[in-house]
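For reference, the structure is listed below as structure tokens.
Numbering (this note's numbering), first residue to last: 99 to 299.
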């Protein structure tokens, strides 16, 4: 048996550092732009220039902040509760067991892990290291109206490989496609694929 922590996402508005800095910069730069583009409008030039300087300082402070947050973990937008347990003949999600023979298809997307660097845009100033909670287990039952989707945590890259024995068994039972299996296990080299194929026959 192999287990991973379940992450429950919370759908709510998250006002992050990027939103605050960009909004403030926009609010301060607008009067300055109006003063430049529409000179016939009576706007105090000193006032407009001051707003422009503040906007520039906000952007510069954002760039300065960005240099430091590249190595900090992003804010968790949810909470941990329960575990996924991979058994050879079943998958247990928290306290609910799903027998393999009752499952039609299993999909796993495990490209996220704790400490993974996430590229950010030029105007994004939020923390750039992932918490590793963007991994997905999707169980499609024989009754096609029921699909269970769970997010789970990986502490290191390709941690899902510790469940190789169970995943291979799911493949043999026809619940995971071959190409999807080698993708989950991050087996990309042709020779490695052939060797792996020979070991599971």
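Backbone N, C-alpha and C define an ideal beta-carbon position, used for all residues, glycine too. In this text, all values refer to a predicted model and were calculated from it rather than measured experimentally.
Can you round the beta-carbon distance between residue 251 and residue 102 to whole angstroms, since I take them to be within the 8 Å contact cut? 6 Å
What number of angstroms, rounded off, separates the C-alpha of residue 192 from the C-alpha of residue 249? 12 Å
Contacting residues, own chain, Cβ-Cβ under 8 Å from residue 283 (five flanking each side not counted): 256, 258, 259, 262, 265, 294
Option nearest residue 179 by Cα separation, candidates 108, 281, 277, 267: 108
Tell me the rounded alpha-carbon separation between residue 296 and residue 194. 34 Å
What is the DSSP secondary structure of residue 169, counted as helix, strand or coil? coil
Just to confirm my understanding: we take residue 169, look at its own chain, exclude 5 residues before and 5 after, and list those with CB closer than 7 Å. What are they? 227
Separation of residue 114 from residue 217, as counted between CA atoms: 16 Å
Consult DSSP for residue 266 and reduce its assignment to one of helix, strand or coil. helix
Indicate whether residue 253 and residue 230 have their beta-carbon atoms separated by less than 8 Å. yes
Cutoff 8 Å; reference residue 185; Cβ partners in own chain excluding five residues on either side: 99, 264
Among the residues of its own chain, which have a CB less than 6 Å from the CB of residue 187, if the five just before and after it don't count? 198
Could you check whether residue 234 and residue 207 sit closer than 8 Å to each other, using their CB atoms as the reference points? yes
Regarding residue 186 and the ligand HEM, is the C-beta to nearest heavy atom distance less than 7 Å? The ligand HEM is not part of this structure, which contains no ligands at all.
Measuring only the C-alpha atoms, how far is residue 189 from residue 243? 19 Å
Under DSSP, the alpha helix (DSSP H) around residue 280 begins and ends at which residues? 276-282
For residue 174, which of helix, strand or coil comes out of DSSP? coil
Determine the DSSP secondary structure at residue 151, reduced to helix, strand or coil. helix
Can you give me the Cβ contacts of residue 247 inside the same chain, cut-off strictly under 6 Å, excluding the 5 residues immediately before and after it? 236
Is the beta carbon of residue 269 closer than 8 Å to that of residue 276? yes
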